[in-house]
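Here the protein sequences line up with chains A and B, keeping their order.
Per the working numbering, the very first residue in the first sequence carries number 891; after that it's consecutive.
Per the working numbering, the very first residue in the second sequence carries number 2; after that it's consecutive.
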Amino acid sequence: MMLDDQQLQKLLRIKRFEQPPPGYFNQALKEFHRRQREELLRHSAFQIWFERVASGIWSFRVPSYAYGAAFGFFLVVTVFVGSGIWNPSQEQLQASSSVTQAAPVLFESLDTQGQSLALNANLDWSKFDRPALSTQIVPALQPSPDALPRYILDGRPLSYKASFSF
Amino acid sequence: MDDENLPDDETLVRRTQTGDTQAFDILWQKYSPRVYVLVYNMTADHEDANDLLLEVFAKAYRSISGFKGRSSFYTWIHAIAVNMTINFVKKRGRRLQMSLDDLDANVQNDPEFIDLTATNTPIREVDLSELQQRLNEAMMKLSVEHRAVVTMFDIQGIPHAEIANILGIPETTVRSRLFYAHRQLQNYLEEFRKK
């Protein structure tokens, strides 16, 4: 004869009588306290803080409306950029062309006059204003003002005294 | 301390979150026997159950600051216990050798036990220790996920909906796991009887 569902359930319920010896849970609580103290001594304050933060992050749930809000924001940005009201690449292009505004004039004259550049006395040399166009090259390392002067004669330094003023 | 005079779980959790360790001790007193039954019946080993019980409560204590009260503390600590035990059993592998604790003497007065042994059932002929051994062996034949459901429903008497919350699975899955586990247990106990 096979056990029916009810008999099986009654049989399983008998397992709740499998209990640890009396006083076990009080002993286990003492052991729990001992382990907690041990853990506190073993872990640094940072580790404990990190574990708490990590468990806080894992238990954090993104509210359902946040997904909708993020999608809405994405749509607005897409429409804004797509309609051409705001175009960051155009703005950058305009900004860079204003910096080099003087250059086309110079190149124009160079292009049109081409090879006769050296012979043309009427050329407006003010367009070749080098300080305005070229960048100044400044040495990255400059001697400090209080550095001692060092003299070199025939490739040999007269003084080997180091300045130590880096 | 009587259970009725104890503060409710919400208060105890809040007190623990503010650093009151005695509040957590009360939670221990309330729930450690239930967590023990769950873990013991899933591992079938007292030593493992003892270690896991301590680890479950240690994890609960560390994570209690993140407990927002969306579920009851009972559901929450059961979820921790089930997950930790499933991981532990999977790592440990199948171990058929079991530590068999003696049944509590109170079982003799249990109406269900009297009913089972008095009527004409296959159980009538076997003695207590053999019955316990048969049950444990049958339980160990189940997968750890099925054992968890059987332990919570049949041994602890937790309703289907609550088990679904603890395991984070639909209630229909709980019912189907129970159905499958009962069939397996019945088959195994029947095979044993024929020997």
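Even glycine gets a Cβ: it sits at the ideal position worked out from N, Cα and C.
It should be emphasised that the depicted structure is a prediction, and the values quoted were computed from it without experimental measurement.
Less than 9 Å divides the Cβ of Tyr62/B from the Cβ of Gln926/A. When Cβ-Cβ separations below 9 Å define contact, Pro910/A makes contact with chain B. Counting C-beta pairs with one atom in each stretch, the segment 901-911 of chain A and the segment 142-162 of chain B have three or more that are closer than 8 Å, which means they touch. The residue among Leu190/B, Thr17/B and Asn42/B with its C-alpha nearest the C-alpha of Glu908/A is Asn42/B. Around Leu54/B, the beta-carbon contacts reaching into chain A at under 8 Å are Ala918. With fewer than 16 neighbouring CB atoms inside 10 Å of its own CB, Val967/A falls in the exposed class. Residues of the segment 29-45 of chain B with a C-beta atom less than 8 Å from some C-beta of chain A are Trp29, Gln30, Ser33, Pro34, Tyr37, Val38, Tyr41 and Asn42, listed in chain order.
Annotation: the segment 904-966 of chain A contains the following complete segments of the alpha helix (DSSP H) (minimum length 4 residues), in chain order: 914-932 and 935-949. By the 16-neighbour rule on beta-carbons within 10 angstroms, Asp49/B is buried. Thr19/B and Leu28/B do not touch by the CB rule: their CB atoms are close to 14 Å apart, not below 8 Å. Judged by beta-carbon spacing, Ala45/B lies within the 9 Å limit of Met141/B, meaning their Cβ atoms are closer than that value. Between Ser73/B and Ser945/A, the CB-CB gap reaches or exceeds 9 Å.
For the set Leu55/B, Val14/B, Ala162/B and Ile170/B, the Cα lying nearest the Cα of Lys920/A is the one of Leu55/B.
Distance from the CA atom of Phe89/B to the CA atom of Val38/B, rounded to whole angstroms, is 16 Å.
Beta-carbon to beta-carbon, Phe58/B and Ser33/B are separated by about 7 Å, close enough to satisfy the 8 Å threshold. Counting only Cβ-Cβ distances below 7 Å, Val145/B has no contacts in chain A at all, with the closest Cβ about 16 Å away. Under a 10 Å Cβ-count criterion, Val952/A is classified as exposed, with fewer than 16 other Cβ atoms of the shown protein chains found around its own Cβ. The three-state reading of DSSP puts Asp21/B in coil, since its state is none of H, G, I, E or B. Separation of the CB atoms of Thr76/B and Glu163/B is rounded to 7 Å, and the pair is thereby assigned contact status at 8 Å. Contact with chain A is found for Gln157/B, since one of that chain's Cβ atoms lies less than 9 Å from the residue's Cβ. Taking Ile159/B as the centre and dropping the five residues before and after it, the same chain places the C-beta of Met153 closer than 6 Å to its C-beta, in chain order. Closest in C-alpha terms to His147/B, from the list Asn188/B, Arg93/B and Ile87/B, comes Ile87/B. When Cβ-Cβ separations below 9 Å define contact, Arg942/A makes contact with chain B. In the DSSP assignment, Arg63/B falls within the unbroken alpha helix (DSSP H) covering His47 to Ser64.
Per the C-alpha coordinates, the member of Lys92/B, Lys60/B, Gly94/B and Arg93/B positioned closest to Ala80/B is Lys60/B. At a cut-off of 9 Å, the C-beta of Phe74/B has no neighbouring C-beta in chain A.
For Lys142/B, there is no enclosing alpha helix (DSSP H), since its DSSP letter is neither H nor E. Chain-ordered, the chain B residues with CB closer than 7 Å to the CB of Glu921/A read Leu55.
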